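Numbering (our numbering), first residue to last: 1201 to 1358.
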């Protein structure tokens, strides 16, 4: 189990965005509209979560907008390994939920680079979606590991 941390947040939306770590309340950030914060102000490890019990105990992050009219609706984020013998995809990945519940299903990887280990940038897109970026990954690795949100929700992923 590796450590994956959010070290940069690029907020391209028109809303203020919060990232709250429910495992470690001191690891939270607020980023204004169309602003960026970097590693000097942002170091949020993504918690490991392997069950509904861990989820109920706060092993996740929440990325959300602060305005009631926001396009940035909540994203619950955690890391999880899904072994092949349980029907999973046999990979350590950063995963997400949009309904505030733990889902032990394969392919619920965050959009962008969902691999674990290392530092990530999180881009909050203007439409409220998010993209994880591994800025130090070699180009070939970036291409191979980047997945869009549309690909995430497809039950027929190749």
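For glycine and all other residues, C-beta sits at the position ideal for the given N, C-alpha and C.
Note that the structure is a prediction, hence the values are computed from the model and not measured.
Per DSSP, residue 1258 has no beta-bridge partner at all.
Taking 9 Å as the cut-off, the beta carbon of residue 1209 is found closer than this to the beta carbon of residue 1237.
Distance check between residue 1294 and each of 1279, 1252, 1303 and 1258 places 1279 closest, using alpha-carbon atoms only.
When C-alpha distances from residue 1259 are compared across 1313, 1301, 1334 and 1243, the shortest belongs to 1301.
Residue 1234 counts as exposed, since fewer than 16 other C-beta atoms from the protein chains shown sit within 10 angstroms of its C-beta. A contact between stretches requires three or more CB pairs, one per stretch, nearer than 8 Å, and the segment 1245-1254 fails this requirement with the segment 1267-1274. Nearest to residue 1316 by C-alpha distance, out of 1332, 1221, 1220 and 1274, is 1332.
Boundaries cannot be given for residue 1309, as no beta strand (DSSP E) includes it and DSSP labels it neither H nor E. Between residue 1213 and residue 1220 the beta-carbon gap is near 17 Å, outside 8 Å, which marks them as no contact. Looking at the DSSP output, residue 1320 bridges to 1206. With contacts defined as CB atoms closer than 9 Å, residue 1218 and residue 1206 fail to qualify as a contacting pair.
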